[in-house]
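So the structure is just underneath, and the comments pick up after that.
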């Protein structure tokens, strides 16, 4: 049983109540709180030493990344973050100065996005540092953008560039909060999520939740400079396009809109966000799974996102 | 720098915003959500293998304890829990059946208290299991019972019995949610918290937050059977009264009310909760710190809760 199968099994029988609007399976849970105009967003995310960062990662960047990942999930619902709780599990003989620097990195990011840090706790995890962030946000009533709203004929967009995030971006990316709110206020966005596990895997989450398929245009997928540089490192390196599909930790917005909105959206985006790329990478089709189109034709993308190109 | 000093230092400069009613330092944060009659409670808590449970602890009890600790913090504010997110960091080669049993333990408790489990995540923590729970709740507007409301002349109460929790209670205790709500609805409770670090240490949190001192009546402190059994194990064992003051993990309610409410409260409690002890253990006095009264007189309790009795 892999992680996704286990989660699917666990979430089948979870207790629920009347406050739950959206439960497990989207970027955030959506919860009623008795506010007539807004609903709550609720999200948790953890980073672990040796997996999401290393012993030599500057503590400020660890703090930044821990909070930014959660903020990116609020962005994925077109929400506004409100308040965070921070749990830090510290290894033995941990230097308190390092904890202060982790908080310094979080605080700067929190302040920039108007997020309060309202508490948390420290506990012990003898072998490695682990930080778990819990985040509350809100969204206009009924306006949370879910993964399940993609429709046949929609156009698929992605912000920024993909792949090679481990070269640095994964530690200092800026969550796309303002962009997501602008998008949802300006156009009817049908489905949205943030790209954290790689475009190929994450697009499948939208497709499965929406009961549709997708056709990606290979030449349209925006490949990061880091992915291209990595690809030139030798024969064993991942091709840049494969990196863009599978590297993960991009924390860009992946979303679909009606095809009639595609050109107006691109025009309006360029005026609004001069320095952030927006790419139309394909369209939603009937059926399931992802097909990839290039000069040579169309072929299905492998199930787990990895593609074997000659 | 110890844990409390570090937290004090970190929380001095945390970002805040207008939604924050109560920030770090109480059992839960209190947050505005635009509901005219209620406010949100927000709490996170983690349990770690080898610290809060062992490798041979039944997984159902691990799940129970992880959620129950958070629920106890909601109780400490006289709140109602709403929705939880569960982060499980799994060691290598972890059996998915164990994860299912952890969830089974959580689900039963969540269901009993009407709590929805709305998602979470699994991640990797190679050496040991760690579970972090994030919990949302709510409380009538302005009615969260804080640690800071104790007044000189108040009577101090504690539910249940204290000490020796590690003999078993820490794994299967029932959070005092119904009791706390009944208390706050029936009497003006001035200050409340749950006893998680031991009566001596936790009472000090109320005293410091309220700017007052306390006089405890030694003979009135309810000592658990487990603490008494432990004390008989030999000369090296902790005396039962010291265990009741310092063992921790009791998860009982510690609260103060006006002295005029003390007798009516005891009477009403006995009718409402037949099987749960309620003890009047002392009173709030001016000054600071805890003094202990027994047949021989009054003496100050040591700073960190541990008392050297002959």
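Residue numbers (our numbering), protein chains in the order written: chain U, 53 to 362; chain S, 53 to 362.
All C-beta atoms, glycine included, are put in the ideal place defined by N, C-alpha and C.
Just so it is clear, the structure is predicted and the values come from calculations on it, not from any experiment.
Which term fits residue 362/S, buried or exposed, when burial requires 16 or more other beta carbons within 10 angstroms of its beta carbon?
Walking along the second chain from the start, residue 362/S turns up at place 310. At residue 362/S, the pLDDT of 35 sits below 50, so the modelled position is not reliable; the number obtained from the coordinates is stated separately. By the 10 Å Cβ count, residue 362/S comes out exposed.
Please list the residues of the region 158 to 178 of chain S that have a C-beta atom closer than 8 Å to any C-beta atom in chain U, keeping them in chain order.
159, 162, 163, 166, 167, 168, 169, 170, 171, 172, 173, 174, 175, 176, 177 and 178
Give the residues of chain U in contact with residue 182/S, contact being defined as C-beta atoms less than 7 Å apart.
As a first step, residue 182/S must be located in the second chain, where it is residue number 130. Going along chain U in sequence order, the residues near residue 182/S (Cβ under 7 Å) are 141, 177 and 182.
From the DSSP output, in three-state form, read off residue 91/S for me.
Within the second chain, the letter at position 39 stands for residue 91/S. If DSSP states are grouped into helix, strand and coil, residue 91/S belongs with the strands.
Helix, strand or coil, according to DSSP, for residue 5/U in the structure here?
Because chain U here runs from 53 to 362, residue 5/U falls outside it and cannot be looked at.
Spell out the partners DSSP gives residue 169/U in its beta bridges.
Locating residue 169/U in the first chain gives position 117, where the first residue counts as 1. Paired residue(s): 136/U.
Got a sec? Which residues, its chain only, sit under 7 Å from residue 250/U by beta carbon, not counting five neighbours each side?
Locating residue 250/U in the first chain gives position 198, counting from the first residue. Once the five neighbours on either side are set aside, the close Cβ partners of residue 250/U are 297, 298, 299, 300 and 357.
Cβ of residue 306/S within 8 Å of Cβ of residue 255/S?
Here residue 306/S corresponds to residue number 254 of the second chain, with the count starting at 1. Here residue 255/S corresponds to residue number 203 of the second chain, with the count starting at 1. Yes, these two residues count as a Cβ contact at 8 Å.
Looking at chain S, is there any beta carbon in it that lies within less than 8 Å of the beta carbon of residue 59/U?
The residue you call residue 59/U lines up with position 7 of the first chain. Answer yes: the Cβ-Cβ gap between residue 59/U and chain S drops below 8 Å somewhere.
Give me the Cα-Cα distance between residue 270/S and residue 333/S, rounded to the nearest whole angstrom.
Working through the second chain from its first residue, we reach residue 270/S at position 218. Working through the second chain from its first residue, we reach residue 333/S at position 281. Cα to Cα, the separation comes out at about 8 Å.
Under 9 Å Cβ-Cβ, which residues of chain U neighbour residue 90/S?
Translated into positions along the second chain, residue 90/S becomes position 38. The contacting residues are 85 and 86.
Write down the C-beta distance between residue 186/S and residue 96/S rounded to the nearest angstrom, noting that I regard them as a contact closer than 8 Å.
Along the second chain, read from residue 1 onward, the residue named residue 186/S stands at position 134. Along the second chain, read from residue 1 onward, the residue named residue 96/S stands at position 44. At roughly 5 Å, the Cβ-Cβ gap stays under 8 Å, so residue 186/S and residue 96/S are in contact.
Between 247/U, 72/U, 88/U and 308/U, which has its C-alpha nearest residue 335/U's C-alpha?
Sequence index remark: in the first chain, residue 335/U carries index 283 (1-based). Selected option, being the one with the closest Cα: 308/U.
State the beta-bridge partners of residue 352/U as determined by DSSP.
Locating residue 352/U in the first chain gives position 300, where the first residue counts as 1. Answer is 343/U.
Just to confirm the assignment, what range does the beta strand (DSSP E) spanning residue 211/S have?
As a working mapping, residue 211/S is identified with position 159 in the second chain. Boundaries of the beta strand (DSSP E) around residue 211/S: 207 to 211.
Applying the 10 Å Cβ sphere with the 16-neighbour rule, what's the burial state of residue 302/U?
Reading the first chain from its first residue, position 250 is the one you call residue 302/U. By the neighbour-count rule (16 or more Cβ atoms within 10 Å), residue 302/U is buried.
Closer than 7 Å, Cβ to any Cβ of chain U: which residues of the region 121 to 155 of chain S, in chain order?
Correct list: 134, 135, 137, 139, 141, 148, 151, 152 and 155.
Would you say residue 361/U lies against chain S (beta-carbon separation less than 8 Å)?
For this step, residue 361/U is matched to residue 309 along the first chain. The pLDDT assigned to residue 361/U is 45, lower than 50, so where the model puts this residue is not dependable, and the model offers no usable value.
Distance cutoff 8 Å, beta carbons only. Does residue 207/S sit that close to anything in chain U?
On the second chain, residue 207/S is found 155 positions in, with the first residue counted as 1. Chain U, which has no Cβ nearer than 8 Å to the Cβ of residue 207/S, makes this no.
For residue 242/S, which of helix, strand or coil comes out of DSSP?
As a first step, residue 242/S must be located in the second chain, where it is residue number 190. Strand.
Just mark residue 169/S as buried or exposed, buried being the case when its beta carbon has 16 or more other beta carbons within 10 Å.
Within the second chain, residue 169/S is the residue found at index 117, counting from 1. Under this definition residue 169/S is a buried residue.
Would you report the Cα separation of residue 360/S and residue 265/S, rounded to the nearest angstrom?
Stepping through the second chain from its first residue, residue 360/S is reached at position 308. Stepping through the second chain from its first residue, residue 265/S is reached at position 213. Below a pLDDT of 50, predicted positions are generally treated as unreliable, and residue 360/S, at 45, falls in that range; the measurement from the model is reported next regardless. Cα to Cα, the separation comes out at about 20 Å.
Within the same chain, show all residues whose beta-carbon is closer than 7 Å to that of residue 277/U, passing over the 5 residues directly before and after it, in chain order.
Here residue 277/U is taken as the residue at index 225 of the first chain, counted from 1. Nothing listed; no residue qualifies.
Could you compute how far the alpha carbon of residue 87/S sits from the alpha carbon of residue 220/U?
Indexing the second chain from 1 puts residue 87/S at position 35. Indexing the first chain from 1 puts residue 220/U at position 168. Cα to Cα, residue 87/S sits roughly 42 Å from residue 220/U.
With a threshold of 8 Å between beta-carbons, can residue 358/S be considered close to chain U, or not?
The residue you call residue 358/S lines up with position 306 of the second chain. Its pLDDT being 46, under 50, residue 358/S is placed unreliably in this model, and the value from its coordinates should be taken loosely. Not flagged as an interface residue toward chain U: residue 358/S, since no C-beta distance is shorter than 8 Å.
Counting only C-beta atoms, is residue 103/U closer than 8 Å to chain S at any point?
Against the first chain, residue 103/U aligns to sequence position 51. Chain S, which has a Cβ nearer than 8 Å to the Cβ of residue 103/U, makes this yes.
Just to confirm the assignment: which complete alpha helix (DSSP H) runs, minimum length 4, are found wholly within the region 265 to 306 of chain U?
If we require 4 residues or more, the alpha helix (DSSP H) runs fully inside the region 265 to 306 of chain U come out as 277 to 283 and 292 to 298.
Only counting runs of 4 or more residues, tell me where the alpha helix (DSSP H) segments fall wholly within the region 303 to 334 of chain S, in order along the chain.
314 to 324
Can you list the residues of chain U that residue 381/S reaches, using a CB-CB cut of under 8 Å?
Residue 381/S lies beyond the residue range present for chain S, which begins at 53 and ends at 362; the question has no answer from this structure.
Would you say residue 69/U faces chain S, with C-beta separation under 8 Å as the test?
For the purposes of this step, residue 69/U is taken as the residue at position 17 of the first chain. So, interface residue.
Compare the Cα-Cα distances from residue 243/U to each of 192/U, 130/U and 103/U and report the closest residue.
As a first step, residue 243/U is located in the first chain; it is residue number 191 there, counting from the start. The shortest Cα separation from residue 243/U among 192/U, 130/U and 103/U belongs to 130/U.
Which one or two residues does DSSP pair with residue 128/U in a beta bridge?
Position 76 of the first chain, counting from 1, holds the residue named residue 128/U. Looking at the DSSP assignment, residue 128/U forms no beta bridge with any residue, so it has no partner.
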